[in-house]
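Here the protein sequences line up with chains A and P, keeping their order. full-length UniProt numbering puts the first sequence at residues 1 to 209. full-length UniProt numbering puts the second sequence at residues 1 to 209.
Protein chains: 2
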Amino acid sequence: MTEKSELQIRICFVGESFVNGTGDPECLGWAGRICVSANQKGNDITYYNLGVRRETSTELKNRWLQEVSYRLPKEYDGRVVFCFGVNDTTIENGKLRVTPTQSIENVRNILSDAKQLYPVLMVSPLPLADDGQNQRIADLAKQFALVCHELNVPYLNAFSILEKSNIWIDEARANDGAHPRAAGYAELARIVENWDAWLNWFEETGNCP
Amino acid sequence: MTEKSELQIRICFVGESFVNGTGDPECLGWAGRICVSANQKGNDITYYNLGVRRETSTELKNRWLQEVSYRLPKEYDGRVVFCFGVNDTTIENGKLRVTPTQSIENVRNILSDAKQLYPVLMVSPLPLADDGQNQRIADLAKQFALVCHELNVPYLNAFSILEKSNIWIDEARANDGAHPRAAGYAELARIVENWDAWLNWFEETGNCP
Chain A
1 MTEKSELQIR ICFVGESFVN GTGDPECLGW AGRICVSANQ KGNDITYYNL
51 GVRRETSTEL KNRWLQEVSY RLPKEYDGRV VFCFGVNDTT IENGKLRVTP
101 TQSIENVRNI LSDAKQLYPV LMVSPLPLAD DGQNQRIADL AKQFALVCHE
151 LNVPYLNAFS ILEKSNIWID EARANDGAHP RAAGYAELAR IVENWDAWLN
201 WFEETGNCP
Chain P
1 MTEKSELQIR ICFVGESFVN GTGDPECLGW AGRICVSANQ KGNDITYYNL
51 GVRRETSTEL KNRWLQEVSY RLPKEYDGRV VFCFGVNDTT IENGKLRVTP
101 TQSIENVRNI LSDAKQLYPV LMVSPLPLAD DGQNQRIADL AKQFALVCHE
151 LNVPYLNAFS ILEKSNIWID EARANDGAHP RAAGYAELAR IVENWDAWLN
201 WFEETGNCP
């Protein structure tokens, strides 16, 4: 059987505005909410939120290691959850901020390096209230799945769940077209906190028969 | 008369574990709580928590500008709240991690640079459940007041309020000797959110007679 342990772990959440929780008046976002839940189950989480608004995967590639390694020294139980890619799909001045080919190379580089240092999880880029951009995000979310499979990094395609969510999409539309508010983030939190790869971080196989 | 405006502002909170909210099962700490309150008053806060456990003022001096400027580009209304110094007063291997003279030089350097770039507030280092170290923190909190006065940076000596607080000290003692839990952080949040320098960030002088 498995038993819940009470772990002291330090988790860095790395990504863009959706990781930051932009739009959530409760200042928790989905990342804060899943850590609160883990604490309620008896764990002791140090919660480092490293979401930065507007950041692309190219920018994140150049930033994450310095900020994460500063917060997760070797002597502690440190872990990393990534969620990024939406800003790559934005068109500015008539062209994509980051091409799909480059996005895929970025995620491969980031996860290849990260998994050698820490336990790593990856959540897909998330939907907006914009059908055209959502098509590009959906394509990227599928490509990221292949990279994660190849690298053996657990991957949650939250895009394909949330694109059908009235809560997430309606809140985003009523807010700024991109970011939900408390209910949307709470919905995503429920999805992530029931993901087996996340739950596995807090379970150990006991010695009971 | 003054009127409350509804501001879109981005705030970086920079410091050590007390800024991170370490020990708070609700994952908000005092920084998250005061942003939630500001949102409840109709503001739209982007909340960047840059607290890092164990960090001294010397380490912070070398880190803050890169992380803050990355999150607060010039085109947005960005602000910075600092709170640090406790870890300087820890004795390791028979000596202080940072001497008071160096701590004071650090805070002067950090705030001198920061105030040229952003509106800045400073909260004093905070008490632990350790009388000996608290004496050193109290001395530092007074020295930091002089530096902030000299630089015209608003300063809140939260140490002198919290050292008399049963909530803060008792929670810290019952927890790990250093960090309170939800009630302690909520108490500090109430102190900061009623500080006139914080309130002034959200008020504008109207044109009414």
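A virtual CB, placed ideally from N, CA and C, is assigned to each residue, including glycine.
CB of residue i within 8 Å of CB of residue j, strictly
i               : j               : result
P25 of chain P  : V36 of chain A  : yes
A197 of chain P : I34 of chain P  : no
N109 of chain A : R97 of chain A  : no
N106 of chain A : S69 of chain A  : no
L111 of chain P : F18 of chain P  : no
E171 of chain P : A158 of chain P : no
P73 of chain P  : W201 of chain P : no
Y48 of chain A  : C27 of chain P  : no
Y185 of chain P : W64 of chain P  : no
Which listed residue (the options) has its alpha carbon closest to that of residue i
i                      : options                          : result
Q40 of chain P         : P:F82, P:E6, P:G51 and P:G15     : P:E6
Q116 of chain A        : A:K95, A:L151, A:G85 and A:G21   : A:L151
R10 of chain A         : A:N43, A:W30, A:S124 and A:L140  : A:N43
Q66 of chain A         : A:L50, A:E187, A:E55 and A:V120  : A:L50
D77 of chain P         : P:P154, P:E187 and P:Q8          : P:Q8
L162 of chain A        : A:E75, A:P100, A:V123 and A:V52  : A:V123
N194 of chain A        : A:E16, A:A38 and A:G15           : A:A38
K164 of chain A        : A:T90, A:E187 and A:I104         : A:E187
residue 228 of chain A : A:L140, A:S160 and A:N175        : Residue coverage of chain A in this structure runs from 1 to 209, which leaves residue 228 of chain A outside it and unanswerable.
R53 of chain A         : A:V192, A:Y155, A:C83 and A:K142 : A:C83
E92 of chain A         : A:I104, A:G32 and A:Q133         : A:Q133
DSSP beta-bridge partners of residue i
i               : result
V19 of chain P  : Partner(s): none; V19 of chain P has no beta bridge.
K61 of chain A  : BP columns for K61 of chain A are empty, so no partner.
L50 of chain A  : A:V14
C83 of chain P  : P:G15 and P:V123
G78 of chain A  : A:R10
K95 of chain P  : P:E92
I45 of chain P  : P:I9
Y155 of chain A : A:M122
Straight-line Cα distance separating residue j from residue i
i                      : j               : result
I169 of chain A        : A138 of chain A : 14 Å
C12 of chain P         : H149 of chain A : 36 Å
T22 of chain P         : E203 of chain P : 30 Å
R71 of chain A         : D131 of chain A : 37 Å
G177 of chain A        : N166 of chain A : 14 Å
K61 of chain A         : G85 of chain A  : 11 Å
R136 of chain P        : V147 of chain P : 17 Å
G206 of chain A        : L128 of chain A : At G206 of chain A, the pLDDT of 47 sits below 50, so the modelled position is not reliable; the number obtained from the coordinates is stated separately. Distance between the alpha carbons of G206 of chain A and L128 of chain A: 42 Å.
E55 of chain A         : F144 of chain P : 35 Å
Q102 of chain A        : E59 of chain A  : 12 Å
P180 of chain P        : G94 of chain P  : 26 Å
residue 273 of chain P : L121 of chain P : Given that chain P is displayed from residue 1 to residue 209, the structure contains no residue 273 of chain P and the question cannot be resolved.
A114 of chain P        : V14 of chain P  : 11 Å
P154 of chain P        : K142 of chain P : 14 Å
T2 of chain A          : A174 of chain A : Because the pLDDT of T2 of chain A is 43, which lies under 50, any placement of that residue in the model is unreliable, and the number read from its coordinates should be weighed accordingly. Cα-Cα distance, rounded: 43 Å.
V192 of chain P        : L156 of chain P : 8 Å
T99 of chain A         : P100 of chain P : 51 Å
S160 of chain P        : L199 of chain A : 42 Å
G32 of chain A         : G32 of chain P  : 11 Å
P209 of chain P        : I45 of chain P  : Low confidence applies to P209 of chain P: its pLDDT is 43, below 50, so where it sits in the model is not reliable, and the reading given next is rough at best. Cα to Cα, P209 of chain P sits roughly 29 Å from I45 of chain P.
I104 of chain P        : E75 of chain A  : 30 Å
N20 of chain A         : N20 of chain P  : 14 Å
Residue i CB to nearest heavy atom of the ligand FAD below 7 Å
i               : result
M122 of chain A : Judged by which ligands are present, the structure shown has none, so any question about the ligand FAD falls away.
Test: residue i CB closer than 8 Å to a CB of chain B
i               : result
Y118 of chain A : Absent here is chain B; the protein component of the structure consists of chains A and P.
Looking at chain P, which residues of the stretch 153-174 of chain A have a Cβ within less than 8 Å of any of its Cβ atoms?
-> From the stretch 153-174 of chain A, no residue has a Cβ closer than 8 Å to chain P.
Within 8 Å of chain A by C-beta, residues of the stretch 41-55 of chain P in sequence order = From the stretch 41-55 of chain P, only I45, T46, Y47, Y48, N49, V52 and R53 have a Cβ closer than 8 Å to chain A.
The stretch 78-90 of chain P: positions lying closer than 8 Å to chain A by Cβ = Those residues of the stretch 78-90 of chain P that come within reach of chain A (Cβ to Cβ, closer than 8 Å) do not exist; the list is empty.
Residues of the stretch 173-204 of chain A whose Cβ lies closer than 9 Å to any Cβ of chain P, in chain order | Residues: none.
Mind checking the stretch 16-28 of chain A against chain P and listing, in chain order, the residues whose C-beta falls within less than 9 Å of any C-beta there?
-> Residues S17, N20, G21, T22, G23, D24, P25, E26, C27 and L28.
Closer than 9 Å, Cβ to Cβ, to anything on chain A: give me those residues from the stretch 96-112 of chain P, in chain order.
-> Of all residues in the stretch 96-112 of chain P, none has a Cβ within less than 9 Å of some Cβ in chain A.
In the stretch 126-137 of chain A, which residues sit with their C-beta less than 8 Å from some C-beta in chain P, listed in chain order?
-> So nothing in the stretch comes that close.
Mind checking the stretch 28-39 of chain A against chain P and listing, in chain order, the residues whose C-beta falls within less than 7 Å of any C-beta there?
-> Result list: L28, G32, C35, V36 and N39.
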